[in-house]
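What the sequence shown shows, in the numbering used here, is residues 18 to 219, in sequence order. Working notes, beginning with the structure itself.
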Amino acid sequence: MAGERARRTPLALAVLSLLNEGPRHPYEMRTLIRRRQVGDVVRMRGGSLYDAIARLDRLGLVEVAGTSRSGARPQRTVYAITAAGRAELHSLLREYLGTRAEEYPVFTAGLAHIGHLSHGEASELLHARSEALAEQVTRVDGDLVRVAAAGIPRAVVLEAEYAQTIRRAELTWLRGLIRDIDDGGLGWADLHDTEDSATPAP
């Protein structure tokens, strides 16, 4: 079912997980997702959080528990997880943690065809990526230090810790790859030139 697939997303998992801790309104959920670094592994843009909550509500996995108001701020709807939502949360966790799904990131697709670029352009592009990645590693390191200083349990930020480990590994690999490209050690031909020269004239 399309609806079945629609709710099995990392964002739906984040919503169910937060509501399993207790009733919350969407703004509080958004704040916690960012504070706990969950935003690094969950795609959350515009009204996507509200859309996810609305879908879960329609499916009976969450329900309106009431409203809350703080000072002069607008009244906010508070949601709670249902028994069906708790069962779905556990099902999602078992699926995500116990199985390895094949993923198809665009960077990997680019690497598969990198030989169609000149050595110089490939090196320049990868160098730009490595610089951006290094900046992100530094930023997240600082975020994790602040999270620990705030007394937030490590179990809450394991996904950020894992993502940071992957970034560090990629950064090390990228820097080595750039050196090999600059040294001419990869042994590739410029495929765009090779194919052009091999193509018979019409």
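A virtual CB, placed ideally from N, CA and C, is assigned to each residue, including glycine. As the structure is a computational prediction, the values presented were derived from the model and not from experiment.
Nearest candidate by alpha-carbon position, reference residue i, set the options
| i | options | result |
| --- | --- | --- |
| Ala167 | Ile198, Gly102, Arg53 | Arg53 |
| Arg62 | Leu73, Asp74, Arg72, Arg47 | Arg47 |
| Val58 | Val81, Tyr113, Ile70 | Tyr113 |
| Gly204 | Glu152, Pro27, Ser135, Thr116 | Ser135 |
| Ala69 | Thr182, Glu152, Leu30 | Leu30 |
| Ser140 | Gln153, Ile198, Pro122 | Ile198 |
| Val157 | Arg51, Leu33, Arg75, Val81 | Arg51 |
| Trp193 | Gly159, Leu143, Asp160 | Checking the sequence shown, residue 193 turns out to be Gly, not Trp. Residue Leu143 is the option with its Cα nearest to Gly193. |
Beta-carbon proximity list for residue i, same chain, < 6 Å, skipping 5 on both sides
| i | result |
| --- | --- |
| Ser108 | none |
| Ile131 | Ala139 |
Close Cβ partners of residue i (< 8 Å) along its chain, the five nearest in sequence each way excluded
| i | result |
| --- | --- |
| Arg41 | Leu35, Leu49, Val95, Tyr96 |
| Leu150 | Arg184, Glu187, Leu188, Leu191 |
| Gly77 | Thr99, Ala101, Gly102 |
| Leu161 | Gln54, Val174, Ala177, Glu178, Gln181 |
Spatial distance of residue i from residue j (CA atoms)
| i | j | result |
| --- | --- | --- |
| Ser85 | Glu187 | 44 Å |
| Arg171 | Gly137 | 42 Å |
| Gly202 | Arg196 | 8 Å |
| Ala165 | Val173 | 10 Å |
| Glu120 | Arg163 | 31 Å |
| Asp200 | Phe124 | 22 Å |
| Ser147 | Val81 | 45 Å |
| Val55 | Leu33 | 13 Å |
Environment of residue i [buried if 16+ CB atoms lie within 10 Å]
| i | result |
| --- | --- |
| Glu38 | exposed |
| Leu128 | exposed |
| Ala145 | exposed |
| Gln92 | exposed |
| Leu66 | buried |
| Leu175 | exposed |
Practice task
Kindly provide the ranges of any alpha helix (DSSP H) runs that are 4 or more residues long and lie completely inside the region 138 to 213, ordered along the chain.
Solution key: As far as the region 138 to 213 is concerned, its whole alpha helix (DSSP H) runs of at least 4 residues are 175 to 200.
Problem - Contained alpha helix (DSSP H) runs [length at least 4] in the region 67 to 141, N- to C-terminal order - result: The qualifying runs are 100 to 115, 123 to 129.
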